[in-house]
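These notes are about the structure you will find just below.
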Amino acid sequence: MLWACLRFPGLAFSAAFAVVPEAGPSALLDHKARQRLIAAANTEASSFGVRRGQSLAAARALCPALEVRPRDPGAEERLLAELAAWCYQFSGHVSLVPPNAILMEVGASLRLFDGWPLLAGRLRAGLAGQGHAHTLAATPFAAASWVFAASADGIVLPEHEGVRRMLAALPLKQSGLPAATVTSLQAMGFRRLDEVFRLPRPELTRRIGREGVNWLDRVRGHASDVLPAWQPPASFRQKIEFDGELDGSQPLLFPLRRLTRALANQLAARDGGVQRFTLTLEHARGEATRIAVAMAAPQRDAERLFELARTRLERASLPAPARAIELDAAELPVFRPPVRDLFEPVRGDGLDWPTLDERLRARLGDAALRQIALVADHRPEYASRYGRPGDTVSPPRRRRPLWLLPRPQPMRPEPAAVLAGPERIESGWWDGGDTRRDYYIVRTAQGQQAWAYLPPGTLDGWMLHGWFA
Amino acid sequence: MNAIATPTLAQVLDHPGIWRRSADRQPRVRALSTGWTSLDAKLPGGGWPQGALSEILFEHDGLGELDLVMPALAALTQEHRRVIFVAPPYLPYAPALAAAGVDLRFLHEIHAGSTEAAWSMEQCLRSGCCGAVVGWLPEIDYRSLRRLQLAAESGDACAMLFRPAAHAAQNSPAALRLKVSNSDEATYVDVLKSRGLLTTTAPLLRMRA
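Which chain is which? The protein sequence lines are G and S, in order. Per full-length UniProt numbering, the very first residue in the first sequence carries number 1; after that it's consecutive. Per full-length UniProt numbering, the very first residue in the second sequence carries number 1; after that it's consecutive.
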């Protein structure tokens, strides 16, 4: 077993600043405290002297430009789950350690990823690409990995004894014991973990309680950790609410990118794809704009999903500024990469049809791409419709024109000659679309062949309905 | 009962992890039969030039201009290759298309204004996944024609463009230009221009009596 622990020190920030990226000195406010206390400050704010535990008034006095936001525990949980989804591609056993850490068993995947250095490299590159600051450590004991991820970024200790030696040298403050326990142990004169480890067990229990002892056992690998395995859910729904209102599509792109990336991470975890999803924009008075995004084939690439959603969003007309954006994908079908012949010569852009179809739809809209279906109906205007071609319907035996006019129109001048007909078409009495016409194939003075009809029993009032083009 | 279904060979080969070398390695045919025997006989390569633009200039609707390309398009769809209609002027009528042998599953229509139509046609031609792209672009200029010709070359697709016969006198980069006209109550097809063919004054094809 080798447990890798990832800690995300900036997770609370990313979660709270999901709508607009943090810029300049920023801080988070504790959501529990009655007084408005600083819960965390970013590097820029720290350089002004803003510290955890300060009152907001004190922090503002140090740094007037300080941007503050309340911590959002719900958003933090969702972001952690999103990161777990991304990690799931590296390990089958991923576990959440709230508020900001993830543990995963990588012993079984080391061979697959050509050893720890390469696996660690991929983890770091992937997280850096998504803009998540992180620290990483790996040991055979989950609790120890969690401890080292905070104090010794990048360490990997595959041997049990090595882990215990490193732990022994650790100051109590970094041991992961509760702050109160650390304080009382320090009051008793203990400084490092090995001094605590040397105490007889009953005495240790008396001083730091059962839970403290239990923790030290887990850190040393004397007791095994039971870590619940995280499972990727079968659908995706995530919403980002804005503090104010965002007007137009441009400011929505940052939260949109966050949503599509979260979706892509979950897809990677499930080894799945997504074929359709809905963007819902909530406006002030409870109204909502729904934008459907559909693809010809399941997709999973974050950049591609974002581009597709962005094109749709920019084309949509928003009736009012938006207060929240939600991405909802009810089905996440299995992703199958397109099968391609290895030796097939790649021509042109080498696109496959689904990709081309998608590109056209993105620019022209769904309605611009059509297919034509044959319908078994005697009435000419019902025999052909736009829609998915279905089962084979045998075409009528009589000659039919390749072009049909959208609606029949008076034919002027009148036909020069009748080439064939009449063909009586009488149908539709059952659904109100009553049709009774005599169709002829006629020639115009210019040599065109047309499909035209007369009301039965008459010889004038020619109506043009199609061209034998 | 065997609880685990045995996969068929086709299912196994369908697995994305399996690569198969293409079975047929035939030399590339540089032209697509028009389906009109007497026309094929007179065109270089024996049909519609592939990887090139062909223009069909017609005097009026309803002279049989679409009939001229239908056999080739039907053959493509029967081979499961895509045919795209870009901005057709009327509704393509399913009963007649089916009667002409078109497999409707492989026929797509793009409904677009003139700027978007030229763009769509170019995208389809360049993609390399369309057998033929047929467009109705009455207002297209020389520069766009040239773009279509280049796109057809790079995607090795058959580009067919329908335009009013009024444009016959204009210069065009198309590899083949045919004119469909009516005289003496019959429809004739003339060749205005063809790469690798001496132009003749006599009509190449008499389509309709």
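Think of the CB as a built atom: it goes at the ideal place given N, C-alpha and C, for glycine as much as any other residue.
On the three-state DSSP scale, how would you describe residue i?
i        : result
G/Trp462 : coil
G/Cys63  : coil
G/Ile208 : helix
G/Gly258 : Rather than Gly, the amino acid found at residue 258 of chain G in this sequence is Arg. In this structure, G/Arg258 counts as helix in the three-state DSSP scheme.
S/Asp67  : helix
G/Phe90  : coil
G/Ser317 : coil
S/Gly35  : coil
S/Ser183 : strand
G/Val274 : strand
G/Phe242 : strand
G/Pro396 : coil
G/Val219 : helix
S/Asp190 : strand
S/His111 : coil
G/His283 : strand
S/Gln26  : Below a pLDDT of 50, predicted positions are generally treated as unreliable, and S/Gln26, at 36, falls in that range; the measurement from the model is reported next regardless. Coil.
Going by DSSP, which residues form a beta bridge with residue i?
i        : result
G/Leu37  : G/Ser55
G/Thr135 : G/Arg7
G/Ser46  : According to DSSP, G/Ser46 bridges with nothing at all.
G/Tyr439 : G/Glu423, G/Tyr453
S/Pro92  : G/Trp403
G/Thr171 : Position check: residue 171 of chain G holds Pro in this sequence, whereas Thr was assumed. Answer is G/Arg192.
G/Gln409 : G/Leu464
Chain G partners of residue i, CB-CB under 9 Å?
i        : result
S/Ile110 : Leu360, Leu364, Ala368, Leu369, Arg370
S/Asp61  : Trp403, Gln448, Ala450, Trp467, Ala469
S/Tyr142 : Correct list: empty, because the minimum Cβ distance to chain G is about 22 Å.
S/Glu116 : Arg363, Leu364, Ala368
S/Arg206 : Simply none; closest approach about 13 Å.
S/Ser54  : Within chain G, no residue comes near S/Ser54; the closest Cβ sits about 17 Å away, beyond 9 Å.
So, for residue i: in the same chain, excluding its five sequence neighbours on each side, which residues have a beta-carbon less than 6 Å away from its beta-carbon?
i        : result
G/Ala4   : Met104, Val106, Ala138
G/Glu282 : Ala288, Arg323, Ala324
G/Pro401 : Trp451, Gly466, Trp467, Phe468
G/Arg122 : none
S/Gly64  : Thr187, Met207, Arg208
G/Ala376 : Val393
S/Arg28  : Confidence in S/Arg28 is poor, its pLDDT being 40 and thus under 50, which makes the residue's placement too unreliable to answer from.
S/Ala74  : Ala100, Gly101, Val102
S/Pro88  : Trp136
S/Val180 : Phe58, Leu63, Glu65, Val189
Ignore the nearest five residues each way along the sequence and tell me which others in residue i's own chain have a CB closer than 8 Å to its CB.
i                      : result
G/Leu308               : Val293, Met295, Gln299, Glu358, Ala362
residue 483 of chain G : Residue 483 of chain G lies beyond the range of chain G shown here (1 to 469); nothing can be said about it.
S/Gln26                : For S/Gln26, the predicted structure reports a pLDDT of 36, less than 50, and the residue's modelled location is therefore unreliable. A value from the coordinates is still provided. No residues qualify anywhere along the chain.
G/Ala149               : Cys5, Leu6, Arg7, Ala101, Thr135, Leu136, Ala137
G/Asn42                : Gly10, Phe13, Glu22, Pro25, Ser26, Ala27
G/Ala268               : Ala85, Trp86, Tyr88, Gln89, Arg300
What does residue i reach in chain G if we use C-beta pairs closer than 7 Å?
i        : result
S/Glu185 : Gly447
S/Arg195 : Residues of chain G passing the Cβ test: none, with the nearest at roughly 20 Å.
S/Cys129 : Leu351, Asp352, Trp353, Leu356
S/Leu178 : Result: empty, since nearest Cβ-Cβ is about 15 Å, beyond 7 Å.
S/Asn182 : Gln446, Gly447
Excluding sequence positions up to five away, which residues of its chain have a Cβ less than 7 Å from the Cβ of residue i?
i        : result
G/Pro171 : Arg191, Arg192
S/Ala23  : In this prediction, S/Ala23 has a pLDDT of 47, which is less than 50 and means its spatial position is unreliable; nothing more can be read from the coordinates.
G/Pro251 : none
G/Gly461 : Leu454, Pro455
Do residue i and residue j have their C-beta atoms closer together than 7 Å?
i                      : j        : result
residue 237 of chain S : S/Arg177 : Absent from the model: residue 237 of chain S. The displayed extent of chain S is 1 to 209, so no value can be given.
S/Cys158               : G/Leu356 : no
G/Ala373               : G/Pro389 : yes
G/Ala12                : G/Leu29  : no
G/Ala45                : G/Ser26  : yes
G/Pro321               : G/Asp243 : no
S/Leu107               : S/Gly155 : no
G/Val94                : G/Trp230 : yes
S/Leu150               : S/Ser172 : no
S/Pro71                : S/Gly35  : yes
S/Val86                : S/Thr77  : no
List the residues of chain S whose Cβ lies closer than 7 Å to the Cβ of residue i, in chain order.
i                      : result
residue 512 of chain G : Outside the displayed range of chain G (1 to 469) lies residue 512 of chain G, so it cannot be described from this structure.
What in chain S is Cβ-close to residue i, meaning under 9 Å?
i        : result
G/Leu374 : Ala94, Pro95, Leu97, Ala98, Leu104
G/Ser46  : Ordered by position in chain S, no residue passes the 9 Å Cβ test against G/Ser46, which lies about 50 Å from the chain.
Who are the neighbours of residue i on chain G, taking C-beta pairs under 8 Å?
i       : result
S/Gly64 : Gln449, Phe468, Ala469
At a threshold of 6 Å, does residue i count as lining the ligand GDP (C-beta to nearest heavy atom)?
i        : result
G/Arg323 : In the structure on display, the ligand GDP does not appear, and there are no ligands present to speak of.
Along chain S, which residues have their Cβ under 8 Å away from the Cβ of residue i?
i        : result
G/Ser317 : Under the 8 Å cutoff, chain S gives no residues; its nearest Cβ is about 19 Å from G/Ser317.
G/Arg400 : Tyr93, Pro95, Ala96, Ala99
Say whether chain C places a C-beta atom closer than 7 Å to the C-beta of residue i.
i       : result
S/Leu91 : The structure shown has no chain C; the protein chains it does contain are G and S.
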